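K.L.:
Have a look at the structure that comes next, please.
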Amino acid sequence: MSVMLELSRRPADGAPSADAVPGEDVIRQRVADGLRLYVGTGRRYSMRAVGEATRIPEPTLKDYRSGAIVMPVSRFVQLAAVLPAGFADQVLAPAGLAVLDRAGERAADDHALAADVATALQGLAEALRDGRIDHRERAVLAPLARDIGQQLLAFAEGATS
1 MSVMLELSRR PADGAPSADA VPGEDVIRQR VADGLRLYVG TGRRYSMRAV
51 GEATRIPEPT LKDYRSGAIV MPVSRFVQLA AVLPAGFADQ VLAPAGLAVL
101 DRAGERAADD HALAADVATA LQGLAEALRD GRIDHRERAV LAPLARDIGQ
151 QLLAFAEGAT S
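Residue 41 in full-length UniProt numbering sits at position 41 of the sequence shown, with consecutive numbering throughout.
Take a look at the structure:
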C-alpha cells in the first residue's frame, strides 16, 4: 500500500511544544481503537489472519486491541502494512499526522465495498441510537468514514476489481 503523510503546522516559532506530545495512554488507546475498527470477530480481518500476515502472536494482538500493552513502532509498521490506511491514520492523528491512500491505488471488489459500507452504516446507526454521536463514538467512526470515503472514491474512478 502506498500512503501519503500530511503534517499539520508546528507553532509559529517552529519550536516543539510539550503540550502537543500525546501521552502513552493516548497512544495505547488510539492503537486499541484502530485495531477494534478492523480486526476481530465481525470485522474485516480476523485476529488469526492478521497474526499470520504480520507474524504477531494472537495473544499479543489481543493485548494491543484491548489497550493492555503499548505497541512498539516495529509492530505498528507491520500492522500498517496489512491494514487499511485508516488504522495508521487513527494512531498517528494525535501527532498531527494524517494518512491517506493515494487515489486509485487500492482496489476493492464490489462485494467487499458493499460489506464495508454496511459495516460503517451499522456503526453509525449504533452510535446514533441515543440520538447523538459523542466524542468517543466520533473518534472511532471518523477513521472508518475516511476509509469508506477512499474506497467509494476508488469505486467512482473505476479503480475496483
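Cβ coordinates follow ideal geometry from the N, Cα and C atoms, glycine included. The model shown is predicted, which means the values in this text are computed figures rather than measured ones.
(1) Round the Cβ separation of Ala120 and Ala145 to the nearest angstrom and send it over; I've been treating them as touching at under 8 Å.
(2) Hey, how far is the Cα of Glu105 from the Cα of Arg30?
(3) Can you confirm whether the stretch 135-150 touches the stretch 81-99 when touching is taken to mean that 3 or more C-beta pairs between the two stretches lie within less than 8 Å?
(4) Could you check what DSSP says for Leu7 in three-state terms: helix, strand or coil?
(5) Entirely within the stretch 65-144 and at least 3 residues each: give me those beta strand (DSSP E) ranges in chain order.
(6) Report the rounded CA-to-CA distance for Ala95 versus Glu24, giving the unit in angstroms.
(7) Tell me, to the nearest whole angstrom, how far the beta carbon of Arg65 is from that of Ala114; I am working on the premise that it is less than 8 Å.
(8) Classify Val50: buried if its beta carbon has 16 or more other beta carbons within 10 angstroms, exposed otherwise.
(9) Taking buried to mean at least 16 other C-beta atoms within 10 Å of its own C-beta, is Ile69 buried or exposed?
(10) Measuring only the C-alpha atoms, how far is Ile27 from Ile56?
(11) Under a Cβ-count criterion, where at least 16 other Cβ atoms within 10 Å of its own Cβ denotes burial, should Val39 be classed as buried or exposed?
(12) Taking DSSP as the reference, what is the three-state secondary structure of Gln150?
(13) Among the candidates Val117, Arg138, Thr54, Arg136, whose CA atom is the shortest distance from the CA of Arg43?
(14) Would Glu137 and Ala125 qualify as a contact pair, given that the criterion is a beta-carbon distance under 8 Å?
(15) Where do the ends of the alpha helix (DSSP H) carrying Arg36 lie?
(16) Go ahead and label Pro59 buried or exposed: buried means 16 or more other beta carbons lie within 10 angstroms of its beta carbon, across all protein chains shown.
P.N.:
So, to answer that:
(1) 7 Å
(2) Because Glu105 sits at a pLDDT of 45, beneath the cut-off of 50, its placement in the model cannot be relied upon, and the following sentence gives the value as read from the coordinates. Each residue's alpha carbon lies about 26 Å from the other.
(3) Taking 8 Å as the limit for Cβ pairs, the verdict is that the stretch 135-150 does touch the stretch 81-99.
(4) Reliability of the predicted coordinates at Leu7 is poor, the pLDDT of 49 falling under 50, and the value obtained from them is presented with this limitation in mind. DSSP, read as helix, strand or coil, puts Leu7 in strand.
(5) 97-101
(6) 12 Å
(7) No, Arg65 and Ala114 are not in contact; Cβ-Cβ is about 26 Å, not under 8 Å.
(8) Buried.
(9) exposed
(10) 19 Å
(11) buried
(12) helix
(13) Val117
(14) Not closer than 8 Å, so no.
(15) 24-38
(16) exposed
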